[in-house]
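Numbering (the numbering used here), first residue to last: 141 to 298.
Where is the CB? At the ideal position from N, CA and C, for every residue including glycine.
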């Protein structure tokens, strides 16, 4: 019992890091890219991420929601990649942010806050566990991280 309790505490001390962005299409009618994260599981036990849901905001304005139901196994004591495809219509994006918001993205990306509210469903020995967290950065920092492949680590509050 003590071993399992310690392992569960370690699982709850997970780390999620930003890995990269893979651009698929950037056009007037569609922006399509893959967001790659890494999950580090500090326990000795494996589990699976069975679904992901991401709400994406720019300067507190809701932009889009992306979902993924692919199963990603999370192995112990290693960095595990998880991916999510994000698609949205840039015309709707511009109408939500307005001209000033678009100008800030293009001309002043340090003032553009990107917030991703994430909900992950995991399965641990047939028991569902839900993980909610929020990732926040600026557009400039996100692009620098993607270019330099610098990890931005989110650590659980446990």
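- Comparing C-alpha distances from residue 190 to each of 203, 210 and 172 shows the shortest one belongs to 210.
- Residue 192 is bridged by DSSP to 208 and 260.
- Remark: C-beta atoms of residue 206 and residue 187 do not approach each other more closely than 7 Å.
- In the three-state reduction of the DSSP assignment, residue 223 falls in the strand class, which pools E and B.
- For residue 275, DSSP records a beta bridge to 256.
- DSSP places residue 269 within a strand segment (E or B) once states are collapsed to three.
- DSSP lists 163 and 226 as the beta-bridge partner residues of residue 173.
- Here the alpha carbons of residue 167 and residue 249 stand approximately 20 Å from one another.
- With a threshold of 16 other beta carbon atoms within 10 Å, residue 159 meets it and is buried.
- About 41 Å separates the beta carbons of residue 183 and residue 230, which is beyond the 8 Å limit, so they are not a contact pair.
- In terms of Cα proximity to residue 177, the closest of 268, 256 and 264 is 256.
- Per the coordinates, the alpha-carbon of residue 271 lies some 33 Å from the alpha-carbon of residue 238.
- DSSP places residue 234 in the helix class (H, G or I) of the three-state scheme.
- The Cβ neighbour count for residue 198, taken over all protein chains shown within 10 Å, is at least 16; the residue is labelled buried.
- Residue state for residue 216 is assigned as coil, using DSSP reduced to three classes.
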